[in-house]
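Enquirer: Numbering (UniProt numbering), first residue to last: 1 to 696.
Don't be surprised by glycine CBs; every beta carbon is placed ideally from N, CA and C.
Please find one structure pasted underneath; my questions will follow.
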Amino acid sequence: MSRENGGAASQAGPPVATRPEAIRNVLVVGAAGAGKTTLVERLLVEAGVLNRAGSVEDGTTVCDFEEIEHRQRRSVALALAPLMHEGVKVNLLDAPGYVDFVGEVRAGLRAADCALFVIAANEQVDEPTRALWRECADVAMPRVVVVTKLDHARADVDGVVAQARSVFGDRVLPVHLHDGGRVVGLITGDHGHEAQRAALIEAIIEESEDETLMERYLGGESIDPELLVRDLELAVVRGSLHPVVPVDATSGVGARELLDLMVSAFPSPLEHPTPTVYTPEGGPGPTIECDPSGPLLAEVVKTTTDPYLGRVSLVRVFSGTVRPDASVHVSGHRSAWADGGDPASSHPDHDEVERIGSLSVPLGKSQVTAQVVTAGDLCAIGRLRRAETSDTLASVDTPLVLEPWRMPEPQLPVAIQARAKSDEDKLAPGLQRLAAEDPTLRVEHNEETHQIVLWTMGEAHADVLLERLANRYGVAVEEVELRVPLRETFAGPATGHGRHVKQSGGHGQYAVCSIEVEPLPRGGGFEFVDRVVGGAVPRQFIPSVEKGVRSQMSHGVETGYPMVDLRVILTDGKAHSVDSSDMAFQTAGGLALRDAATRGGTCLLEPVDEVEVAVADGLVGTVMGDLSARRGKVLGSEAGEPGTVVVRAEVPQLELRRYSAELRSLSHGSASFTRRFARYERVPDQVSSKLESPSD
Numbered sequence: 001m002s003r004e005n006g007g008a009a010s011q012a013g014p015p016v017a018t019r020p021e022a023i024r025n026v027l028v029v030g031a032a033g034a035g036k037t038t039l040v041e042r043l044l045v046e047a048g049v050l051n052r053a054g055s056v057e058d059g060t061t062v063c064d065f066e067e068i069e070h071r072q073r074r075s076v077a078l079a080l081a082p083l084m085h086e087g088v089k090v091n092l093l094d095a096p097g098y099v100d101f102v103g104e105v106r107a108g109l110r111a112a113d114c115a116l117f118v119i120a121a122n123e124q125v126d127e128p129t130r131a132l133w134r135e136c137a138d139v140a141m142p143r144v145v146v147v148t149k150l151d152h153a154r155a156d157v158d159g160v161v162a163q164a165r166s167v168f169g170d171r172v173l174p175v176h177l178h179d180g181g182r183v184v185g186l187i188t189g190d191h192g193h194e195a196q197r198a199a200l201i202e203a204i205i206e207e208s209e210d211e212t213l214m215e216r217y218l219g220g221e222s223i224d225p226e227l228l229v230r231d232l233e234l235a236v237v238r239g240s241l242h243p244v245v246p247v248d249a250t251s252g253v254g255a256r257e258l259l260d261l262m263v264s265a266f267p268s269p270l271e272h273p274t275p276t277v278y279t280p281e282g283g284p285g286p287t288i289e290c291d292p293s294g295p296l297l298a299e300v301v302k303t304t305t306d307p308y309l310g311r312v313s314l315v316r317v318f319s320g321t322v323r324p325d326a327s328v329h330v331s332g333h334r335s336a337w338a339d340g341g342d343p344a345s346s347h348p349d350h351d352e353v354e355r356i357g358s359l360s361v362p363l364g365k366s367q368v369t370a371q372v373v374t375a376g377d378l379c380a381i382g383r384l385r386r387a388e389t390s391d392t393l394a395s396v397d398t399p400l401v402l403e404p405w406r407m408p409e410p411q412l413p414v415a416i417q418a419r420a421k422s423d424e425d426k427l428a429p430g431l432q433r434l435a436a437e438d439p440t441l442r443v444e445h446n447e448e449t450h451q452i453v454l455w456t457m458g459e460a461h462a463d464v465l466l467e468r469l470a471n472r473y474g475v476a477v478e479e480v481e482l483r484v485p486l487r488e489t490f491a492g493p494a495t496g497h498g499r500h501v502k503q504s505g506g507h508g509q510y511a512v513c514s515i516e517v518e519p520l521p522r523g524g525g526f527e528f529v530d531r532v533v534g535g536a537v538p539r540q541f542i543p544s545v546e547k548g549v550r551s552q553m554s555h556g557v558e559t560g561y562p563m564v565d566l567r568v569i570l571t572d573g574k575a576h577s578v579d580s581s582d583m584a585f586q587t588a589g590g591l592a593l594r595d596a597a598t599r600g601g602t603c604l605l606e607p608v609d610e611v612e613v614a615v616a617d618g619l620v621g622t623v624m625g626d627l628s629a630r631r632g633k634v635l636g637s638e639a640g641e642p643g644t645v646v647v648r649a650e651v652p653q654l655e656l657r658r659y660s661a662e663l664r665s666l667s668h669g670s671a672s673f674t675r676r677f678a679r680y681e682r683v684p685d686q687v688s689s690k691l692e693s694p695s696d
């Protein structure tokens, strides 16, 4: 790999590169507590962006390691940290390790060309770590493993590497070893570890395009290290080899070796495929390559709101060149893929032309103005008022749309309300901004329960959203109990009589009707049958009775929940030649239904969801028992991904309100679930007696 500068600036200023081959976009991933943020900070120190006190080289304090450790315990957002090494610009994207923020990880996977997979030497390869590995594998992201916390009292580098090989495959191989407080290179360094060195070199040569190389190596020929490094880079790009590097972020041991590996063996933007391109109308788009002189194609991978700058968009440029004050076409079509084109989506489709504001790149905690950003690079763009996370920026003349990355479905509903009257007017704009920033958030305005519901990824995600509402947008809200949209129906057949007779001078009101009510099977809907004989109810007023019955059903009878699954038969009635009217018979129809409910009794219906839980083999019994305790009906199970079982069940929504958080606790973060509405079923008497009506 070339290490030419490509227009790079010195480290005294912001890292700049004008050629894609001089750029590395690296996503730093790993479970919470693995040491990702501290590792990023150490790499910035080694590259000269920060000094060892945690300050930019001009002396401005940026942050210290104590602050980093504090922030690491609550790292919830994707963060960009660029540096220069050997003339190559490295964009480090630090991703959260908490399961709730997998959306940030997926955004980072779209922005990056390689993943730096961090595992702590004092920990096991746990389920969150395995889940992150699967996230990378699902998008064929090249992965390099870094083992951190080498100085920990319980550190076991060899044990962690062995476990990683067992879990992730035998293509996880060390390229450096931690030996007595130093890092030993297996390609060009100390040859005192011949077995590990031989395994690595043979794995590298297997990926070589030179078919004679293996024969030469086995014949005893010494292979040029530069040739091995070149083939190592090829193996990393293909995802067929995952190099391991030990790094002690505290002392810096291994940090420079890791930077060297990034430059020599990590793929550049030229070696990573561009996402699928479409026209705004949904047709196939042209083939786009990573070319600074090509058509503009960029994507917003993160959106934040700055109190001074307004909305700021972190952008990955796939093609073309971005310049300040240029006009761009902004396309947001996530709902076309994710929400079925629902116009009420939290992320509605939109196409518009906007003018780019300032371009900037981070330098420590500061933002430094950039004059131009080329294909393959990342930058922050200000003043894009409508652009949301996952939106595409393209040329005004040739608008294009990138298929957005797949987002997990949020499963934890949180009902909120404004804390004070003064917060009500600010709530809607605040929620709109949150949705623009976070594609994993779904905002629901439930017309039945009259609640605002935030569908979130988990408790930590919900906490962060409410904190942002309060601190960033000045909207104080409080969480309230989530209401489930119940239904009401008749417990059995009944008859009812509705009489609406009033006389107060002038035209009066006169309508009388008799009905029979029969409950229908679940999902039967509503049927209205006319069995009036002899014109007891004039023909023009029969639809009025039906309209009155339907209106009363929509408001419920005893509980206030909508009434469903009924057959109403109009059998008799009376009318007056002058005082009968459409409105009078509507009122009589509603009264007749209420009278029938009093005679026959009603019952509540609850929504039931089909649930599929993916869980580790050893926890199947625990999950099944928990589902049964939630009044669920376990339908069966089947094999899922290796080591997992998918449990299928039907569970009332009333029992699923906190299931996302409770399942995570039950399974130690190893299980996940999906849900979809199945039908309504009768609520058991012991449960219905504890439920409140909507008006309560």
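If you drop the 5 nearest sequence neighbours on each side, which residues of the same chain put their C-beta closer than 6 Å to that of D582?
Expert: S544
Enquirer: For the putative contact between I205 and D170, defined by C-beta atoms under 8 Å, what is the C-beta separation to the nearest angstrom?
Expert: A Cβ-Cβ distance of about 16 Å is found for the pair I205 and D170, leaving them out of contact under the 8 Å criterion.
Enquirer: Alpha carbon to alpha carbon, how far is G35 from P399?
Expert: Computed Cα separation, rounded: 41 Å.
Enquirer: Which residues in the same chain have their Cβ closer than 6 Å to the Cβ of K546, if we skip the five residues on either side of it in sequence?
Expert: Note on identity: in this sequence residue 546 is Glu, with Lys being the wrong assignment. Hits under 6 Å: F528.
Enquirer: How far does the beta strand (DSSP E) with W455 in it reach, from first residue to last?
Expert: 451–456
Enquirer: Between the alpha carbons of H178 and V646, how many angstroms are there, rounded?
Expert: Note on geometry: alpha-carbon atoms of H178 and V646 lie some 40 Å from one another.
Enquirer: How do the segment 290–307 and the segment 345–359 stand: do at least 3 beta-carbon pairs fall below 8 Å, yes or no?
Expert: no
Enquirer: Would the beta-carbon of A17 fall within 8 Å of that of Y98?
Expert: Contact flag unset, no.
Enquirer: From A462, A592, R419, R631, pick the residue whose C-alpha is nearest to that of P413; which is it?
Expert: A462
Enquirer: Just to check my reading of the structure: V557 and T602 have Cβ atoms closer than 8 Å, yes? What is that Cβ distance to the nearest angstrom?
Expert: With 8 Å as the limit, V557 and T602 qualify as a contact, their Cβ atoms being about 6 Å apart.
Enquirer: Taking DSSP as the reference, what is the three-state secondary structure of I356?
Expert: coil
Enquirer: Can you check the segment 499–576 for any alpha helix (DSSP H) of at least 4 residues that lies completely inside it and give the ranges in chain order?
Expert: 542–555
Enquirer: For P246, which beta-bridge partners are listed by DSSP?
Expert: V147
Enquirer: From R323 to V475, what does the alpha carbon distance come to, in whole angstroms?
Expert: 35 Å
Enquirer: Taking one C-beta from the segment 674–690 and one from the segment 512–526 each time, how about it: are there three or more such pairs within less than 8 Å?
Expert: Counting Cβ pairs under 8 Å, three or more are found: they touch.
Enquirer: From A649, F673, R648, pick the residue whose C-alpha is nearest to that of R658; which is it?
Expert: F673
Enquirer: Terminal residues of the continuous alpha helix (DSSP H) containing S688?
Expert: Per DSSP, the continuous alpha helix (DSSP H) segment holding S688 begins and ends at 685–688.
Enquirer: So, at 6 Å on beta carbons, what are the nonlocal neighbours of D530 in its own chain, with the 5 sequence-adjacent residues on each side left out?
Expert: I542, L570
Enquirer: Hey, which unbroken runs of the beta strand (DSSP E) at 3 residues or more fall wholly within the segment 268–332?
Expert: 297–306, 310–319, 327–332
Enquirer: Pull the bridge partners of I23 from the DSSP assignment, please.
Expert: K89
Enquirer: Kindly identify the DSSP beta-bridge partner or partners of H350.
Expert: Residue pairing by DSSP puts H350 in a beta bridge opposite G332.
Enquirer: Report yes or no: do the segment 260–279 and the segment 153–161 share at least 3 C-beta pairs separated by less than 8 Å?
Expert: no
Enquirer: Within 10 angstroms of its Cβ, does N91 collect 16 or more other Cβ (buried), or is it exposed?
Expert: buried
Enquirer: Just reading off the alpha helix (DSSP H) that residue 699 is part of, what are its end residues?
Expert: The structure shown does not extend to residue 699, since the chain is modelled only from 1 to 696, so the question has no answer here.
Enquirer: Hey, would you say R511 sits closer than 8 Å to A597, going by beta carbons?
Expert: The residue you asked about is not Arg; residue 511 is Ala in the sequence shown. No; because the gap between Cβ atoms is not below 8 Å, this pair is not in contact.
Enquirer: Look up D58 in the DSSP assignment and say whether it is helix, strand or coil.
Expert: Unreliable positioning characterises D58 in this predicted model, as indicated by a pLDDT of 41, which lies under 50. A coordinate reading is not provided.
Enquirer: Does the beta-carbon of R676 have 16 or more other beta-carbons within 10 angstroms, so that it is buried, or is it exposed?
Expert: exposed
Enquirer: Based on Cα-Cα distance, which residue from A436, A47, A121 lies nearest to H152?
Expert: Ranking A436, A47, A121 by Cα distance to H152 puts A121 first.
Enquirer: Report all residues from its chain with a CB closer than 6 Å to the CB of A53; omit the five preceding and five following residues, and keep chain order.
Expert: Note that A53 scores a pLDDT of 45, beneath 50, so its modelled location is shaky; the value from the coordinates is reported in the next line. There are no such residues.
Enquirer: Quick check: the Cα distance between S208 and A235, rounded to an integer number of angstroms?
Expert: 8 Å
Enquirer: Which residue or residues does DSSP assign as beta-bridge partners of K633?
Expert: E650
Enquirer: Report the residue from C513, L482, V245 whose alpha carbon sits nearest the alpha carbon of H497.
Expert: The residue with the shortest Cα to Cα distance from H497 is C513.
Enquirer: How many angstroms separate the CA atom of L604 from the CA atom of V453?
Expert: Rounded to whole angstroms, L604 to V453 spans 23 Å at the Cα level.
Enquirer: Can you list, in chain order, the stretches of the beta strand (DSSP E) that have 3 or more residues and sit fully within the segment 602–634?
Expert: 602–616
Enquirer: Nearest-angstrom Cα distance between residue 700 and L309?
Expert: As displayed, the chain neither begins before 1 nor continues past 696, which places residue 700 out of reach and without an answer.
Enquirer: Report the partner residues of E444 according to the DSSP bridge assignment.
Expert: V453
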